[in-house]
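Take a look at the structure below.
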Amino acid sequence: MIVAFTLLNAFFSGPTMPDVSFTRTRFYGKAVTTPKHHVQAYVNGDQWATFERSYPRNVPEFMHEVEQKFITRLAESCRRERSIRDTAVQRAVGWGIGKPDPDALKKARNSPMPSCHQLSEMGYRIQ
Numbered sequence: 001m002i003v004a005f006t007l008l009n010a011f012f013s014g015p016t017m018p019d020v021s022f023t024r025t026r027f028y029g030k031a032v033t034t035p036k037h038h039v040q041a042y043v044n045g046d047q048w049a050t051f052e053r054s055y056p057r058n059v060p061e062f063m064h065e066v067e068q069k070f071i072t073r074l075a076e077s078c079r080r081e082r083s084i085r086d087t088a089v090q091r092a093v094g095w096g097i098g099k100p101d102p103d104a105l106k107k108a109r110n111s112p113m114p115s116c117h118q119l120s121e122m123g124y125r126i127q
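In terms of the working numbering, the sequence shown opens at residue 1 and continues consecutively.
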């Protein structure tokens, strides 16, 4: 019974997507670039060759999943950048006690937020 279920599940399930990393490592050495947003990611070369050869119609789906993972990570990083900036603005304002520090306020408001900028460049906006 268990063997039959396992075989049926394997038969009806889609292909296993290759593992992906956004950092090149010894294991993830093959660079792939998504077509829409040109996100560079790294996969295991052997896994990729097998996947690309065996499931060529699933490559676009894989690329879409890579972009979604990348965008999710950027959004999380953007939220952290905004939180850090908002805290710095609050400190510069003085939490309602004392005078605001105009230099610190300017610095806080102009703090770089590279993840948010990259999301914006890709056409996304985080609320």
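Ideal Cβ positions, reconstructed from N, Cα and C, are used throughout, including at glycine.
Whole-angstrom C-beta distance between residue j and residue i, which should lie under 8 Å
{"i": "V89", "j": "R109", "result": "6 Å"}
{"i": "M122", "j": "R82", "result": "Going by Cβ atoms, the distance from M122 to R82 rounds to 17 Å, so no, they are not a contact pair."}
Chain-order list of residues whose beta-carbon lies under 8 Å from that of residue i (same chain, five-residue window excluded)
{"i": "G29", "result": "Y42, N44 and G45"}
Residue of the options minimising C-alpha distance to residue i
{"i": "C78", "options": "R24, Y55 and C116", "result": "C116"}
{"i": "K69", "options": "D19, G14, S120 and P15", "result": "D19"}
{"i": "T16", "options": "S54, S120 and R85", "result": "S54"}
{"i": "H64", "options": "R26, Q127 and V39", "result": "V39"}
{"i": "Q127", "options": "A75, E61, Q118 and R85", "result": "A75"}
{"i": "K106", "options": "R57, D86, V59 and Q118", "result": "D86"}
{"i": "S120", "options": "I71, K99, E52 and S111", "result": "I71"}
{"i": "G14", "options": "T23, G98 and F51", "result": "F51"}
{"i": "T34", "options": "V59, D103 and I84", "result": "V59"}
Secondary structure of residue i, DSSP reduced to three states
{"i": "V39", "result": "coil"}
{"i": "S120", "result": "helix"}
{"i": "P112", "result": "coil"}
{"i": "P56", "result": "helix"}
{"i": "W48", "result": "helix"}
{"i": "R125", "result": "coil"}
{"i": "T87", "result": "helix"}
{"i": "I71", "result": "helix"}
{"i": "E61", "result": "helix"}
{"i": "K137", "result": "Nothing in the structure corresponds to residue 137, since the chain is present only between 1 and 127."}
Contact set for residue i: own chain, Cβ-Cβ below 6 Å, skip 5 residues either direction
{"i": "D101", "result": "A92"}
Identity of the residues DSSP links to residue i by a beta bridge
{"i": "S21", "result": "Y42"}
{"i": "K30", "result": "V43"}
Neighbourhood of residue i by C-beta distance below 7 Å, restricted to the same chain and skipping five residues each side
{"i": "K36", "result": "E67"}
{"i": "Q118", "result": "L74"}
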